[in-house]
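Under the UniProt record's numbering, the first residue of the sequence shown is numbered 1, with each subsequent residue one higher.
For every residue, glycine included, the Cβ atom is placed at its ideal position computed from N, Cα and C.
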Amino acid sequence: MKAPMVLFYDADIDGPPMNFCDVFLYSQALEGITLSMILEAPSEEEVSLLLEIFGICLTGGKEVNKEIMSNVQDLAKAFSEYKDEVLVKREELLEYAQSIISGLKRNADIMRIDAETQELRRKLDEKQKSQAQSTEDQDKTSEKIAVANLEAFKEALSEVRLCSRIEELLLKKNSITPGDSLEVHSQKVDKLKVLADSLASSSSKAEQRILEHRRQKEDALNFRVKKENEVSAAEKELLDEITELEKQRDELEAQLKKVNISLNAANGRLKQTREERDQFDEANNQIIFSLKKKEDDLSKSITLCNVESNVVKIWIGFLEDSWKLQSSYNEQKEKKTCGELEKCVSDFLKLTKRHLSEFKEVLSPLIESIKTYVDNLAVLNSREEEEKEHGNDEASERTNPRKSLEEEYLETEKKIIIAFSIVDHIKKLFYSEQGANSRRDDPEVKNLMDEIEKLRESFESVERPTLSIESEKAKPLPVEGSKLSPSPLQAPATPKAAHVDSPKSPMKPEQHFNSDAELATLGSELGKEDKEFSGEEISGWEFDELEEDLKS
Numbered sequence: 001m002k003a004p005m006v007l008f009y010d011a012d013i014d015g016p017p018m019n020f021c022d023v024f025l026y027s028q029a030l031e032g033i034t035l036s037m038i039l040e041a042p043s044e045e046e047v048s049l050l051l052e053i054f055g056i057c058l059t060g061g062k063e064v065n066k067e068i069m070s071n072v073q074d075l076a077k078a079f080s081e082y083k084d085e086v087l088v089k090r091e092e093l094l095e096y097a098q099s100i101i102s103g104l105k106r107n108a109d110i111m112r113i114d115a116e117t118q119e120l121r122r123k124l125d126e127k128q129k130s131q132a133q134s135t136e137d138q139d140k141t142s143e144k145i146a147v148a149n150l151e152a153f154k155e156a157l158s159e160v161r162l163c164s165r166i167e168e169l170l171l172k173k174n175s176i177t178p179g180d181s182l183e184v185h186s187q188k189v190d191k192l193k194v195l196a197d198s199l200a201s202s203s204s205k206a207e208q209r210i211l212e213h214r215r216q217k218e219d220a221l222n223f224r225v226k227k228e229n230e231v232s233a234a235e236k237e238l239l240d241e242i243t244e245l246e247k248q249r250d251e252l253e254a255q256l257k258k259v260n261i262s263l264n265a266a267n268g269r270l271k272q273t274r275e276e277r278d279q280f281d282e283a284n285n286q287i288i289f290s291l292k293k294k295e296d297d298l299s300k301s302i303t304l305c306n307v308e309s310n311v312v313k314i315w316i317g318f319l320e321d322s323w324k325l326q327s328s329y330n331e332q333k334e335k336k337t338c339g340e341l342e343k344c345v346s347d348f349l350k351l352t353k354r355h356l357s358e359f360k361e362v363l364s365p366l367i368e369s370i371k372t373y374v375d376n377l378a379v380l381n382s383r384e385e386e387e388k389e390h391g392n393d394e395a396s397e398r399t400n401p402r403k404s405l406e407e408e409y410l411e412t413e414k415k416i417i418i419a420f421s422i423v424d425h426i427k428k429l430f431y432s433e434q435g436a437n438s439r440r441d442d443p444e445v446k447n448l449m450d451e452i453e454k455l456r457e458s459f460e461s462v463e464r465p466t467l468s469i470e471s472e473k474a475k476p477l478p479v480e481g482s483k484l485s486p487s488p489l490q491a492p493a494t495p496k497a498a499h500v501d502s503p504k505s506p507m508k509p510e511q512h513f514n515s516d517a518e519l520a521t522l523g524s525e526l527g528k529e530d531k532e533f534s535g536e537e538i539s540g541w542e543f544d545e546l547e548e549d550l551k552s
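Structure (structure tokens):
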């Protein structure tokens, strides 16, 4: 037993119910999965699973999917090192990646249009093959032209509608452009390039400042060494002097007071010198520490700028590569759609010419038959009037040929009316505003239309006779309650009543179904009135009656 298919319906989206694949493509699920793989590098199992999803959802082939997967892994690796933001926002880069994935993703509307177009083309090809086979098998004689086939009319109108629907779908497909436009893509790439240049300039300025700070630190260290040498030399001299004074104190007790004063003074100077040295060392250490801290901050800034610059460069490469793939797909789609549209316009034009030619060939003998029927009815009317004047009662015995002639007249008249109605429908489809402009100026179609209009004028110029069948049907029947409905088949009062003006506005799809129902109704009514009398038999009856009149 075949498993049931689950369909989804969204009131916010016009169209028929969708399967899971269409719902998945309409949603942002694929973009969300790709962004999660960029934020956290995928494992081998996730890579294989994501490649399968890409094969279902993206427009490229297997190699293109592998290239996109490789780009996603590169983005994930670059993003793992990109922690602190300087100029570029992480969210902005993720939005760019999301828009690129949306541009490469298959469009559910285009897939549905392709499926419907393929199905319509298959039906149209089958109809054309069937038409060609039937045309080869039929014998091209006057009998084919004289008898109009209602099924051929319906088949012709169906083929024209299929061709018109294909053209409408292809025009709709050509108007769908997924993803970013060329202008938006260029703006994104230019913005990232400007940010990359700014980051490179900031890194260069920071490196120059580091070199300047290193030079200042080197000068400070040199000055410190020089100062230490001077202090060390002074300290050594003072120590030698103290040693000498102590010796003099031991040797010269008489000069103890003087030596003690000199000793105290020397000790005071030594202490002051050491304090100055300590203060200088402390100040120098603070300067060195400050310079080292600034150097560390600048080094960190350089590292961040380099990391972010690498991320931006990788992103630029990803955007440009992805845009090439998207542009290539859009160009191929546009070329294919234009080719199909051109072929559809050509097929539509050929189909219209063929059917108009067939209708022209069918209508001409039918109108001549109508004229013949009118003349024969006029002869019968005049003959009946003469017989009534002479009181001849045999007129009622010859009503059967008149009735058959009137029925044949009504049948031929309905065929002509239906043929003109179908020609009007074809004219609506051919000159609809949604079609291509190149086909509307075709001189051959215009000539065929003009010739058919001339046939219509010729048909309308024929004065419709008064039919006894219609008079009998118009009389009320003596039935109780008078509840019987009128005859289902009412012929128009004049041939002009059957003419349908061709509107200039495009025909809506709902009108197709109304026209089909109307055509089916006319066909059923026409089938009810069909008789087995041919034009030759009716002509034979007329000549028999004329011979009898001459003999009498």
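- By the C-beta criterion, the segment 89-96 is judged not to be in contact with the segment 198-209, since fewer than 3 inter-stretch pairs fall below 8 Å.
- Rounded to the nearest angstrom, the gap between the Cα atoms of residue 325 and residue 341 is 24 Å.
- Bridge partners of residue 105 according to DSSP: 58.
- Between residue 346 and residue 190, the alpha-carbon positions lie close to 44 Å from each other.
- Excluding the 5 residues flanking it on each side, residue 227 has same chain C-beta neighbours closer than 7 Å at 280, in chain order.
- Short of 7 Å from the beta carbon of residue 231, and not among the five residues preceding or following it, lie these beta carbons of its own chain, in chain order: 273 and 277.
- For residue 373, the uninterrupted alpha helix (DSSP H) segment begins and ends at 256-390.
- Pairing residue 252 with residue 234, the inter-Cα distance amounts to about 26 Å.
- A residue is called buried when at least 16 other Cβ atoms come within 10 angstroms of its Cβ; residue 261 does not meet this threshold and is exposed.
- Taking the Cα positions, residue 127 is about 8 Å away from residue 155.
- The C-beta separation of residue 78 from residue 284 comes to about 43 Å, leaving the pair out of contact by the 8 Å criterion.
- In the structure shown, the three-state DSSP call for residue 129 is helix.
- Here the alpha carbons of residue 420 and residue 406 stand approximately 21 Å from one another.
- The beta carbon of residue 113 lies closer than 7 Å to those of 169, 172 and 173 in the same chain, with the five residues before and after it left out.
- The shortest CA-to-CA distance from residue 446 to any of 352, 376 and 461 is the one to 352.
- Counting only residues of its own chain and dropping the five nearest sequence neighbours on each side, residue 413 has no CB closer than 6 Å to any other CB.
- Short of 7 Å from the beta carbon of residue 116, and not among the five residues preceding or following it, lie these beta carbons of its own chain, in chain order: 169.
- The criterion of a C-beta distance shorter than 7 Å is satisfied by residue 329 and residue 59.
- Pairing residue 359 with residue 462 gives a Cβ-Cβ distance that is not under 7 Å.
- DSSP, read as helix, strand or coil, puts residue 466 in coil.
- At a Cβ-Cβ threshold of 7 Å, residue 302 and residue 196 do not count as neighbours.
- Leaving aside the five residues that flank residue 256 on each side, the residues in its chain whose CB is nearer than 7 Å to its CB run, in chain order, 249.
- Ranked by Cα distance from residue 160, the options 185, 132, 187 and 120 are led by 120.
- Per DSSP, residue 252 lies in no alpha helix (DSSP H) and is assigned neither H nor E.
- Counting along the chain, residue 29 sits inside the alpha helix (DSSP H) bounded by residues 29-39.
- Distance check between residue 470 and each of 410, 85, 331 and 354 places 410 closest, using alpha-carbon atoms only.
- If you draw a straight line from the Cα of residue 38 to the Cα of residue 31, it comes to about 11 Å.
- Per DSSP, the unbroken alpha helix (DSSP H) holding residue 450 starts and ends at 443-461.
- Sorting 387, 297, 304 and 464 by C-alpha distance to the C-alpha of residue 372 places 464 at the top.
- Ranking 333, 100, 366 and 467 by CA distance to the CA of residue 68 puts 100 first.
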